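Structure, as structure tokens:
Residue numbers (UniProt numbering), protein chains in the order written: chain A, 1 to 220; chain B, 1 to 293.
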């Protein structure tokens, strides 16, 4: 399946400089981590690998990830000030330059640990160029999930096994956006599903899915 | 979605539709958005590019916080007014707009990544010169971007567009190829001539390394975009003149991918090799980030 699906992956995004991989892509990884965590974290540790570890300072990757954690878009002019805003929001944010190869096999890798005292997750994202990202890893409740990577992707956590809602969701996603692949993982109190879809969800479709399937996560 | 340049050319020949139209129709299917919404989005991208060009070439221009880049698009503008340029005014107009954009990017200004921020000046460079040379209106420039983006998607999916994986040939090289192909369509060339221009443009920049000084998107990025825009115009002219690429477009893209994969990491956006590794490059890095960086 193609990594790049939309002409706006190539002509775009409109963004604050200087690097689409290291700035706009980092904003997208920060945003994905925020969406997957589903609430405001208290502590965030960002582990950089390879090119990210070597050049994050020159490329503004730190403030870009901070901006993403606050839900900013890549063209938000507040992005260079995002680390201060994160600190003001009471989030402890730390960056670590890791030695050695990326655990998710890409030179532009950030592995982000998020926690708030009760909940703790890890999200591994890589920036594949032009501001486009892949989410290749999620760890929660002791379960390590190696996701396919390319977006758009829908995540849904079910708290019971053989939940009929899952097959409904499966059918709806296939109809609306072409289901490419489905993976599931056992988590402490249920199962987590990854739906890789071919097309983007129209805003109204997403709204109706969010209404019906509580806690659904859409990454694009 | 189109999987190859050949598929784009064949479909355009078979349907008689412009390539830009094929890409718009494809985007409607993929995005769930209407034609009007998609058009508006591309128009906004075009206007963002034009604003960045204007910002970089007006007054004293912009300077980056490190002082490494900035103010040179303005120098080019003045030179064009006061001198007989060696490569001609259309060419230097492209160069000026390309550099203006990347100077704004280096100053953390707002730009449109095409396909990346590091290569964001190349297409605006081509656009600025075509607009004047061919008297293109806004609709034609928006169509230019759809065509460029359509070819860019094929390159991105088969070779990649990140300096960290493929070197600068994947960034400025891709942008230049997209610009060359779209310029041919804007000038009234055939779909096959678009493919020839794309092939020629890629061939000319094959092997270009990504070696940013201090890891910053400044040197040599700004001037590489000048060359990316110029290469796009030369390649488009060659194709329009009837020159052909011996190697077909999709194989040129394959070569781009293979060359990128065989490049050592020091030359893939790590700020270690190439110009970044020179004594001056290293000294600048130490000055900006300290000796232990």
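Positions of the beta carbon are idealized from the N, C-alpha and C atoms, including for glycine.
This structure is a prediction, so every number in the text was calculated from the model and none was measured.
- Looking at the backbone, the Cα of residue 126 (chain A) and that of residue 31 (chain B) are separated by about 23 Å.
- Assigned with DSSP and collapsed to three states, residue 272 (chain B) falls in coil, not helix or strand.
- Neighbours of residue 48 (chain B) in chain A, taken as residues at a C-beta separation under 7 Å, are given in chain order as 14.
- At the C-beta level, residue 175 (chain B) and residue 228 (chain B) come within 8 Å of one another.
- Our two residues, residue 198 (chain A) and residue 179 (chain A), have alpha carbons roughly 6 Å apart in a direct line.
- Nearest CB-CB separation between residue 135 (chain B) and chain A: not below the 8 Å threshold.
- The alpha carbon of residue 16 (chain A) has as its nearest neighbour, out of A:35, A:131 and A:119, the alpha carbon of A:131.
- Under DSSP, residue 116 (chain A) shares a beta bridge with no residue.
- Taking the beta carbon of residue 122 (chain A) as reference, no residue of chain B falls within 8 Å; the closest one sits roughly 22 Å away.
- In this structure, residue 155 (chain A) lies near residue 193 (chain A), with their beta-carbon atoms less than 8 Å apart.
- In its own chain, leaving out the 5 sequence neighbours on each side, no residue places its CB closer than 7 Å to the CB of residue 157 (chain B).
- DSSP places residue 196 (chain B) within a helical segment (H, G or I) once states are collapsed to three.
- Separation of the CB atoms of residue 109 (chain A) and residue 60 (chain A) is rounded to 17 Å, and the pair is thereby denied contact status at 8 Å.
- Taking every protein chain shown into account, the CB of residue 217 (chain B) has 16 or more other CB atoms within 10 angstroms, so this residue is buried.
- By the 16-neighbour rule on beta-carbons within 10 angstroms, residue 118 (chain B) is buried.
- Across the set B:255, B:106, B:151 and B:94, the C-alpha of B:94 shows the shortest separation from the C-alpha of residue 130 (chain B).
- Fewer than three pairs of CB atoms, one per stretch, sit closer than 8 Å, so the segment 42-58 of chain A makes no contact with the segment 133-146 of chain A.
- Closest in C-alpha terms to residue 144 (chain A), from the list A:72, A:159, A:188 and A:64, comes A:188.
- Among the CB atoms of chain B, one or more fall inside 8 Å of the CB of residue 7 (chain A).
- Remark: C-beta atoms of residue 153 (chain A) and residue 113 (chain A) do not approach each other more closely than 8 Å.
- For residue 35 (chain B), the CB contacts under 8 Å within the same chain, skipping 5 residues up- and downstream, are 24 and 28 in chain order.
- Exposure of residue 86 (chain B) is indicated by the presence of fewer than 16 other C-beta atoms within 10 angstroms of its C-beta.
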